[in-house]
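Report on the structure given below.
2 protein chains.
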Amino acid sequence: MKLTSRGRYAVMALVDLARFDNINPVSLRDISLRQGISLDYLEQIFSKLRKKEIVQSVRGTQGGYVLNKKAKEIKLTNIFDAVDEKVKTVQCKKDSKKGCNGKPVKCLTHNLWDELENHINNFFSEKSLEDLVKDNSDRRV
Amino acid sequence: MKLTSRGRYAVMALVDLARFDNINPVSLRDISLRQGISLDYLEQIFSKLRKKEIVQSVRGTQGGYVLNKKAKEIKLTNIFDAVDEKVKTVQCKKDSKKGCNGKPVKCLTHNLWDELENHINNFFSEKSLEDLVKDNSDRRV
DNA sequence: TATAAACCTGACTGATATAGTCAAGTATCT
DNA sequence: AGATACTTGACTATATCAGTCAGGTTTATA
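Chains as they are written, first to last, in my numbering: chain H, 10 to 150; chain V, 10 to 150.
Shown next as structure tokens:
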């Protein structure tokens with residue numbers, strides 16, 4: 010059970026962005042340098058974030074990205090959702106009438122994984138970008 | 010973020026085992042048939058479970074596997090641990106003095122992932138095999 | 001004591017997804 | 001005009017998973 014870099018980077022970059030957002034658009038180049046994430050990869054990630062209206066882009070010199078909502082309103086769920094970081098505990102199709110493992114019944118552990126998924130998703134939907142910014146408010150860099 | 014089949018199968022098989030354990034050792038062949046899991050794969054998984062003393066093997070005809078502890082005492086943590094299903098949210102080394110991403114400081118989201126890991130591990134360490142057996146006590150198969 | 005059931009082990013493989021890189025753009029501020 | 005920065009899509013190396021396969025060893029029982 011592993012979180013992918015894409016999801017981690019997305020959150021990391023957005024926290025970075027949120028911390029500087031007050032003044033000017035933040036360029037991906039800066040984020041790349043500060044966070045040690047490949048610029049090309051960041052571009053892929055931000056393309057997704059923009060499509061899901063989590064950030065807005067500002068083109069041209071001195072351009073960059075700006076949050077599209079208040080940090081408080083951006084939950085981790087939204088971010089993960091945007092970059093296709095999914096919590097997948099079960100292979101069985103959730104709403105289908107079919108069971109798991111090709112059998113016509115639910116497997117012995119089906120409810121368990123559902124429960125786990127909810128458990129994790131709750132965590133994600135409670136945490137906002139603002140929370141994370143606050144967590145780091147005492148840092149200089 | 011995905012749970013692997015290995016972890017899922019391990020739990021599934023152990024629940025199956027726990028339900029029949031009362032009388033005789035349960036053969037992997039039976040579990041394979043009932044749960045639709047490849048026998049060869051099950052053998053790999055049970056080899057690990059045995060090494061971690063979660064099950065005991067009984068060789069020879071009419072042999073099979075038996076739980077090595079009470080179902081109540083076997084937590085999901087133990088099972089996942091045995092089959093190397095790890096919860097890995099961070100790449101940064103946990104106890105090292107080094108930070109993340111090759112930088113000398115913790116990344117902006119380090120605490121978050123730690124928190125998430127704990128959140129998930131709590132879930133796993135609370136659930137026991139017995140709980141899962143009870144969840145399925147109304148089933149015939 | 002032979003034999004078959006069942007455990008045991010290790011090597012191998014196809015498929016898939018991730019984590020990037022690379023290249024060739026387009027838009028826009030100064 | 002030109003630099004800066006976004007935008008897009010194709011490409012690729014690597015790793016891991018999920019599972020197969022082959023060749024064992026052990027032991028209960030007939």
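Backbone N, C-alpha and C define an ideal beta-carbon position, used for all residues, glycine too. Every value quoted in this text rests on a predicted model; they were computed, and no experiment measured them.
Alpha carbon to alpha carbon, what distance is there between residue 120(H) and residue 76(V)? One C-alpha to the other measures close to 22 angstroms.
According to a CB-to-CB cut-off of less than 7 angstroms, which residues of the stretch 19 to 37 of chain V neighbour chain H? Taking 7 angstroms as the Cβ-Cβ cut-off against chain H, the residues of the stretch 19 to 37 of chain V that qualify are 20, 21, 24 and 25.
With 9 angstroms as the C-beta to C-beta threshold (strictly closer), list the residues of the stretch 78 to 103 of chain H near chain V in chain order. Answer in chain order: 85, 89, 94, 95, 96, 97, 98, 99 and 100.
For the pair the stretch 85 to 102 of chain H and the stretch 14 to 32 of chain H, tell me if three or more CB-CB distances fall below 8 angstroms. With the rule of 3 Cβ pairs closer than 8 angstroms, the stretch 85 to 102 of chain H counts as touching the stretch 14 to 32 of chain H.
Roughly how many angstroms lie between the CA atoms of residue 33(H) and residue 144(H), to the nearest whole one? Rounded to the nearest whole angstrom, the CA to CA distance from residue 33(H) to residue 144(H) is 22 angstroms.
Counting along the chain, where does the alpha helix (DSSP H) carrying residue 67(V) start and finish? Per DSSP, residue 67(V) belongs to no alpha helix (DSSP H); it is in the beta strand (DSSP E), 64 to 67.
Does residue 63(V) get closer than 9 angstroms to chain H when you measure Cβ to Cβ? Residue 63(V) does not count as touching chain H.
Chain H beta carbons: is any one of them nearer than 9 angstroms to that of residue 54(V)? Closer than 9 angstroms: no.
In the DSSP assignment, find the beta strand (DSSP E) that holds residue 75(V) and state where it starts and stops. Unbroken beta strand (DSSP E) run through residue 75(V): 73 to 76.
Counted within 10 angstroms of its Cβ, other Cβ atoms place residue 136(H) as buried (16 or more) or exposed: The residue in question, residue 136(H), is buried, as its Cβ has 16 or more Cβ neighbours within 10 Å.
If you check the beta carbons only, do residue 92(V) and residue 57(V) fall under 9 angstroms apart? Taking 9 angstroms as the cut-off, the Cβ atoms of residue 92(V) and residue 57(V) count as close.
Interface residues of chain H around residue 144(V) at Cβ under 7 angstroms? Simply 120.
Decide if residue 52(V) is buried, meaning its Cβ has at least 16 other Cβ atoms within 10 Å, or exposed. Exposed, since its Cβ has fewer than 16 Cβ neighbours within 10 Å.
DSSP has residue 35(V) in a bridge; who is on the other side? Paired residues: 74(V).
Where DSSP assigns a beta bridge to residue 97(V), which residues make up the other side? The beta-bridge partner set that DSSP reports for residue 97(V) consists of 11(H).
For residue 28(H), which residues from the same chain have a beta carbon less than 8 angstroms from its beta carbon, with the 5 sequence-adjacent residues on both sides left out? Counting only Cβ-Cβ distances below 8 angstroms, and skipping sequence neighbours, we find 142 and 145.
Residue(s) in a DSSP beta bridge with residue 137(V): Partner(s): 84(V).
Look at the alpha carbon of residue 41(H) and the alpha carbon of residue 132(H), and state the distance between them as a whole number of angstroms. Spanning the two alpha carbons is a distance of roughly 27 angstroms.
Straight-line CA distance for residue 63(H) to residue 54(H)? Cα to Cα, the separation comes out at about 11 angstroms.
Assigned secondary structure, residue 26(V) (DSSP; H/G/I helix, E/B strand, else coil): Correct three-state label for residue 26(V): helix.
Residue 125(V) versus residue 118(V): straight-line alpha-carbon distance, rounded: Rounded to whole angstroms, residue 125(V) and residue 118(V) show a C-alpha spacing of 11 angstroms.
In terms of residues, what are the limits of the alpha helix (DSSP H) holding residue 49(H)? In the DSSP assignment, residue 49(H) falls within the alpha helix (DSSP H) that extends over 48 to 60.
How is residue 146(H) classed by DSSP in three states: helix, strand or coil? Here DSSP, grouped into helix, strand and coil, assigns residue 146(H) to coil.
For chain H, find out if any of its Cβ atoms is closer than 9 angstroms to the Cβ of residue 134(V); answer yes or no. With its beta carbon at least 9 angstroms from every one in chain H, residue 134(V) lies outside the interface.
Relative to the C-alpha of residue 89(V), which residue among 129(V), 72(V), 149(V) and 116(V) is closest? Per the Cα distances, 129(V).
Tell me the rounded alpha-carbon separation between residue 115(V) and residue 30(H). Residue 115(V) and residue 30(H): Cα-Cα distance of roughly 21 angstroms.
Distance cutoff 9 angstroms, beta carbons only. Does residue 124(H) sit that close to anything in chain V? True, the Cβ-Cβ gap to chain V drops below 9 angstroms.
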